[in-house]
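S.K.: There's a structure below that I have some questions on.
2 protein chains.
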Amino acid sequence: MTTTKDKRAVSARPLPLNQILAGDCIEIMNSLPEGSVDLIFADPPYNLQLKGDLHRPDNSKVDAVDDHWDQFSNFAVYDKFTRDWLAAARRLLKPNGAIWVIGSYHNIFRVGAELQNQGYWIMNDVIWRKSNPMPNFRGKRLTNAHETMIWASKSEDSKYTFNYEALKSLNEGVQMRSDWVIPICNGGERLKDAQGDKAHPTQKPEALLHRVLVGTTNPGDVVLDPFFGTGTTGAVAKMLGRDFIGIEREEAYREVAEKRLSRIRKFDSEAIATIKPKRAEPRVPFGQVIERGMLRPGEELYSIGNRHKAKVRADGSLIGNDVKGSIHQVGAALEGAPSCNGWTYWHYRREGKMIPIDILRQQIRAEMEVDETRPH
Amino acid sequence: MTTTKDKRAVSARPLPLNQILAGDCIEIMNSLPEGSVDLIFADPPYNLQLKGDLHRPDNSKVDAVDDHWDQFSNFAVYDKFTRDWLAAARRLLKPNGAIWVIGSYHNIFRVGAELQNQGYWIMNDVIWRKSNPMPNFRGKRLTNAHETMIWASKSEDSKYTFNYEALKSLNEGVQMRSDWVIPICNGGERLKDAQGDKAHPTQKPEALLHRVLVGTTNPGDVVLDPFFGTGTTGAVAKMLGRDFIGIEREEAYREVAEKRLSRIRKFDSEAIATIKPKRAEPRVPFGQVIERGMLRPGEELYSIGNRHKAKVRADGSLIGNDVKGSIHQVGAALEGAPSCNGWTYWHYRREGKMIPIDILRQQIRAEMEVDETRPH
DNA sequence: CTCGGCTCTGAATCGCTAC
DNA sequence: GGTAGCGATTCAGAGCCGA
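Residue numbers (our numbering), protein chains in the order written: chain W, 1012 to 1387; chain C, 1012 to 1387.
This is how it looks when you write it as structure tokens:
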């Protein structure tokens, strides 16, 4: 949807394309020509506010994000920083340009509110659901298994770029949703320094940027990343035939990114089309049967052969003959067996008939299947 | 984790429990006794940018010439509303109380920022991932397939309630994540009015509230919902043996909710009880193991992996490799770890087998239970 | 070669209680 | 109220090693 109007808005002064600029992103953005960029992808500091050390149950220490660039003395300081870089970014965008910002609950609400205050127009918030997040080691909170991205255009009137069909195709023919299941960046993709340690604490997976750039830019567009880090945005932009501008303050990150980019080759278009996303697996915990009201807490289940019974509890556990635990554990205990498939072992009664609870799981799975495959 | 301190904070003035109060939620909350509520679940108007009116305590109307200005003025009104109801809610919470707020990208960033500004402390943002969302018919954006909930305690110091084991149990033994897959409310659960139309535009599924209440309240807790609507919060609270207070301005919704609640029955107490954490079990000093002759002074203990050993002393301390102290201290010292659970770390030998000393603690605990139940 | 077991690690606002 | 000490707590995936 990029228009000729946007193209004319480009200043006569040449843009420093496909380079990494060294320095403070606000100053550098303010030095670049107004209205010259199609898309901004920004991964600003999250302002994590970590306190002491954290250890895993095996006593190993978690290598936390304690870098100086993530330290802000209070919300006011962080808010000013956010206000300034978002304003500089907005000035740089073409009238039909758009921005993506990624963050966690520590900062994303402040970023989102400021985006709205400045007149950006939010199209979607998008959830990156991590298939392999770090667990909560102390059992004090829910596993923090996602990050939030906000996708917004420069203004309400912007004719933003949205490649609906491309995303649908990436999603096996089904309309792309606002929650994306993508693994965290590790293995061979994760960049290491000379000592073999991770080169950057928060390197983003290329799969994430792939989806962002395929969905909301066109070949030849200019993509700017003001917090370039190790250059995932630049790498994916280069593969996909987009131009990038990176800004990064830390020399160590710039060096890693330069080296990375030098090895990247642009895909041919066929290769791009064949990349498929990883899909979520339909594991169904028994608790969902309770939450959805398919069985009520207090209801009784009966074993195969009707020799044992147990009562369902609100947390999805069973209690029967003084044994408490999962449907599998209680089944195994009552049978004196080392293991038991609770789904086929337990039955509930409806109109005098005994029905295996696995039927309920199948119903839930069917709903999930319909949802994942039905063309809208 | 609710403490007696919270219980004492309850005012002498009786709370209007298990009722729906009619009127403006801010006024009503301000009329209730301070520090009297364990949990608040709030589903405030998402509003914004939609033409329909929200509370507009009104500003003089400016001719909408400048979009940006107009937008700001709308946000300002919404922000004031948010500030006021969140402040009233915070006053009502016990020191260890907590709040859940649900919203979409239209309002959640403003709500989240204001929560932080007021001193609430965010534990998680939780994604309700809808398994059956409404598709985006025009193909101009991603399918908006989720809503965002924020879970926050009254302050950073709050000892908030988190039933880790119950949620883990609901998820079949795996730690609960911050993304919850739950279908939208439809079918038989969706309340209809006399004409057969949906009674409320945004009725939340009971499954969502089930998980919230099982995870972050205890039986007997007071749960307040300032935007009660058709009363999903009250319905699930009643089923789970929690007390509720509902506030709702619209008479039509109150009527539907009253009728709904009158049909709800509480689950039996045994079903409501959930798996308890080990922390809740009585503490057993290691010295008791010696006193009871389960281990003899001079006997040797062996570490996990058999790399270290230590000798038991008569006072219940260990000595190994010149280190003396508790089972925990010696374990930590020998491993060079910051801490160590001596109960699971140390093993004793019986008939050639290595047995963790935790077995002995479990025996003592079992005896204590018998003691407690026997008439004195 | 495969397979199984062991190790390592990832944007983390990650105690409680008794003295 | 401050502090010392007990003792609870993890999931997925990649890589490596030995059988």
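Built from N, CA and C at the ideal position, the CB exists for glycine as well. In this text the structure is predicted, and so the values were computed from the model without any measurement.
(1) From residue 1080(C) to residue 1050(C), what does the alpha carbon distance come to, in whole angstroms?
(2) Ignore the nearest five residues each way along the sequence and tell me which others in residue 1371(C)'s own chain have a CB closer than 6 Å to its CB.
(3) Should residue 1330(C) go down as buried or exposed, given a rule of 16 or more other Cβ atoms within 10 Å for buried?
(4) Whole angstroms is fine: what's the gap from residue 1354(C)'s alpha carbon to residue 1139(W)'s?
(5) Any beta carbon from chain C within less than 8 Å of residue 1124(W)'s own beta carbon?
(6) Counting only beta-carbon separations shorter than 8 Å, does residue 1372(C) have a partner in chain W?
(7) Does any residue of chain C bring its CB to less than 8 Å from the CB of residue 1082(W)?
(8) Suppose only complete runs of 4+ residues qualify. What are the alpha helix (DSSP H) ranges in the stretch 1123-1193 of chain W, listed by chain order?
(9) Residue 1302(C) touches chain W at which residues, Cβ-Cβ below 8 Å?
(10) Leaving out the 5 sequence neighbours to the left and right, which residues in its chain are closer than 8 Å to residue 1262(W) when beta-carbon positions are compared?
(11) Quick one: what does DSSP say residue 1085(C) is sitting in, helix, strand or coil?
(12) At 7 Å on the CB atoms, spell out the chain W contacts of residue 1157(C), in chain order.
(13) Using the DSSP secondary-structure output, state which residues sit across from residue 1222(C) in a beta bridge.
(14) Would residue 1186(W) pass as an interface residue toward chain C - the criterion being a Cβ-Cβ separation below 8 Å?
(15) Out of 1171(C), 1118(C), 1169(C), which one is the CA nearest neighbour of residue 1158(C)?
(16) Quick one: is residue 1062(C) near chain W, going by C-beta distance under 8 Å?
(17) Let me check understanding here. Comparing Cα to Cα, which of 1278(C), 1246(C), 1282(C), 1283(C) lies closest to residue 1267(C)?
(18) With a cut-off of 8 Å on the beta carbons, I'd call residue 1256(W) and residue 1233(W) a contact; round off their distance for me.
(19) Does residue 1350(C) pass the burial test, meaning 16 or more other C-beta atoms within 10 Å, or should it be called exposed?
(20) Quick one: is residue 1090(W) buried, meaning 16 or more other Cβ sit within 10 Å of its Cβ, or exposed?
(21) Is residue 1064(C) helix, strand or coil by DSSP?
(22) Flag residue 1176(W) as yes when its Cβ comes closer than 7 Å to any non-hydrogen atom of the ligand PLP, and as no otherwise.
(23) Where does residue 1239(W) sit, in a helix, a strand or coil, going by DSSP?
(24) Could you pull out every residue in the same chain whose Cβ sits closer than 7 Å to the Cβ of residue 1097(W), ignoring the five residues on either side in sequence?
(25) Any beta carbon of chain C sitting closer than 8 Å to that of residue 1153(W)?
(26) Apart from the five residues just before and just after residue 1056(W), which ones in its own chain have a Cβ nearer than 7 Å to its Cβ?
(27) Terminal residues of the continuous alpha helix (DSSP H) containing residue 1042(C)?
(28) Starting from the beta carbon of residue 1066(W), find every residue of chain C whose beta carbon is closer than 9 Å, and list them in chain order.
(29) Contact check, residue 1212(W) vs residue 1076(W) under 8 Å by CB: the rounded distance?
(30) Can you name, in chain order, every residue of its own chain whose Cβ lies under 6 Å from the Cβ of residue 1104(C), other than the five neighbours on each side?
(31) Within 10 angstroms of the Cβ of residue 1206(W), are there 16 or more other Cβ atoms? Answer buried if so, exposed if not.
(32) Given this structure, state the Cα-to-Cα distance separating residue 1029(C) from residue 1264(C), to the nearest angstrom.
(33) Is there a Cβ from chain W that is less than 8 Å from the Cβ of residue 1379(C)?
(34) What residues in the stretch 1319-1334 of chain W have a beta carbon less than 8 Å from any beta carbon of chain C?
(35) In three-state DSSP terms, what is residue 1053(C)?
(36) When you compare the CB of residue 1092(W) with every CB in chain C, is at least one pair closer than 8 Å?
M.R.: In short, the structure shows the following:
(1) Position 69 of the second sequence, counted from the start, is the residue given in the question as residue 1080(C). Position 39 of the second sequence, counted from the start, is the residue given in the question as residue 1050(C). Residue placement at residue 1080(C) is poorly supported in this model, since its pLDDT is 48, which falls under 50; the coordinates still yield a value, given next. Using only the alpha carbons, I get a separation of about 37 Å.
(2) For the purposes of this step, residue 1371(C) is identified with residue 360 of the second sequence, where counting begins at 1. Cβ within range, chain order: 1300, 1305.
(3) Counted from its first residue, the second sequence places residue 1330(C) at position 319. Exposed, by the Cβ-count rule.
(4) As a working note, residue 1354(C) is residue 343 in the second sequence. As a working note, residue 1139(W) is residue 128 in the first sequence. Rounded to the nearest angstrom, the two C-alpha atoms are 40 Å apart.
(5) Against the first sequence, residue 1124(W) aligns to sequence position 113. Yes, contact with chain C.
(6) Against the second sequence, residue 1372(C) aligns to sequence position 361. With respect to chain W, the C-beta atom of residue 1372(C) has no partner C-beta closer than 8 Å.
(7) Start at 1 with the first residue of the first sequence, and residue 1082(W) comes out as number 71. Judged by the 8 Å Cβ criterion, residue 1082(W) is not in contact with chain C.
(8) 1175-1181
(9) Here residue 1302(C) corresponds to residue number 291 of the second sequence, with the count starting at 1. Those do not exist, as residue 1302(C) stays about 29 Å from chain W at its closest Cβ, beyond 8 Å.
(10) Here residue 1262(W) is taken as the residue at index 251 of the first sequence, counted from 1. Only 1033 meet the Cβ criterion.
(11) Position 74 of the second sequence, counted from the start, is the residue given in the question as residue 1085(C). If DSSP states are grouped into helix, strand and coil, residue 1085(C) belongs with the helices.
(12) Mapped onto the second sequence, residue 1157(C) falls at position 146. Near residue 1157(C) (Cβ distances below 7 Å), the residues of chain W are 1138, 1189, 1190.
(13) The count along the second sequence starts at 1 and reaches residue 1222(C) at position 211. Per DSSP, none; premise fails for residue 1222(C).
(14) Here residue 1186(W) corresponds to residue number 175 of the first sequence, with the count starting at 1. For residue 1186(W), the closest Cβ of chain C is nearer than 8 Å.
(15) Taking the second sequence and counting its residues from 1, the one referred to as residue 1158(C) is at position 147. If we check each option's Cα against that of residue 1158(C), 1118(C) comes out closest.
(16) For this step, residue 1062(C) is matched to residue 51 along the second sequence. Reliability fails at residue 1062(C), whose pLDDT of 47 lies under 50, so the model's placement of it is uncertain and the value that follows must be treated cautiously. No - not a single Cβ of chain W is within 8 Å of the one on residue 1062(C).
(17) By one-based count along the second sequence, residue 1267(C) stands at place 256. The shortest Cα separation from residue 1267(C) among 1278(C), 1246(C), 1282(C), 1283(C) belongs to 1246(C).
(18) By 1-based counting over the first sequence, the position of residue 1256(W) is 245. By 1-based counting over the first sequence, the position of residue 1233(W) is 222. Right, their Cβ atoms sit about 7 Å apart.
(19) Here residue 1350(C) corresponds to residue number 339 of the second sequence, with the count starting at 1. Exposed, because fewer than 16 other Cβ atoms sit within 10 Å of the Cβ of residue 1350(C).
(20) For this step, residue 1090(W) is matched to residue 79 along the first sequence. Burial call: buried.
(21) Residue 1064(C) sits at position 53 when you count from the first residue of the second sequence. For residue 1064(C), the predicted model reports a pLDDT of 47, less than 50, meaning its position is unreliable; a value from the coordinates is still stated below. Correct three-state label for residue 1064(C): coil.
(22) With respect to the ligand PLP, the structure offers nothing, as it holds no ligand at all.
(23) In the first sequence, counting from the first residue as 1, residue 1239(W) sits at position 228. In the structure shown, residue 1239(W) sits in coil (DSSP, three-state: anything other than H, G, I, E or B).
(24) Here residue 1097(W) is taken as the residue at index 86 of the first sequence, counted from 1. When the five nearest sequence neighbours on each side are left out, the beta carbons in the same chain lying within less than 7 Å of the beta carbon of residue 1097(W) are those of 1125, 1126, 1129, in order along the chain.
(25) Residue numbering aside, residue 1153(W) sits at position 142 when the first sequence is read from its first letter. It does; some Cβ of chain C falls within 8 Å.
(26) Translated into positions along the first sequence, residue 1056(W) becomes position 45. These residues qualify, in order along the chain: 1080, 1081.
(27) Position 31 of the second sequence, counting from 1, holds the residue named residue 1042(C). Per DSSP, residue 1042(C) belongs to the alpha helix (DSSP H) from 1036-1042.
(28) One-based indexing of the first sequence puts residue 1066(W) at position 55. Near residue 1066(W) (Cβ distances below 9 Å), the residues of chain C are 1348, 1349, 1350.
(29) As a first step, residue 1212(W) is located in the first sequence; it is residue number 201 there, counting from the start. As a first step, residue 1076(W) is located in the first sequence; it is residue number 65 there, counting from the start. Indeed, because the Cβ distance is near 5 Å, the residues count as touching under 8 Å.
(30) Mapped onto the second sequence, residue 1104(C) falls at position 93. Here the set comprises 1048, 1165.
(31) Position 195 of the first sequence, counted from the first residue, corresponds to residue 1206(W). Its Cβ having fewer than 16 others within 10 Å, residue 1206(W) is exposed.
(32) Position 18 of the second sequence, counting from 1, holds the residue named residue 1029(C). Position 253 of the second sequence, counting from 1, holds the residue named residue 1264(C). So the alpha carbons of these two residues sit roughly 16 Å apart.
(33) As a first step, residue 1379(C) is located in the second sequence; it is residue number 368 there, counting from the start. No, because no Cβ of chain W sits closer than 8 Å to the Cβ of residue 1379(C).
(34) Residues of the stretch 1319-1334 of chain W whose Cβ lies closer than 8 Å to any Cβ of chain C, in chain order: 1322, 1323, 1324, 1325, 1326, 1327, 1328, 1330.
(35) By 1-based counting over the second sequence, the position of residue 1053(C) is 42. Note: residue 1053(C) maps to strand in three-state DSSP.
(36) Indexing the first sequence from 1 puts residue 1092(W) at position 81. For residue 1092(W), the answer is no, since every Cβ of chain C falls outside 8 Å of its Cβ.
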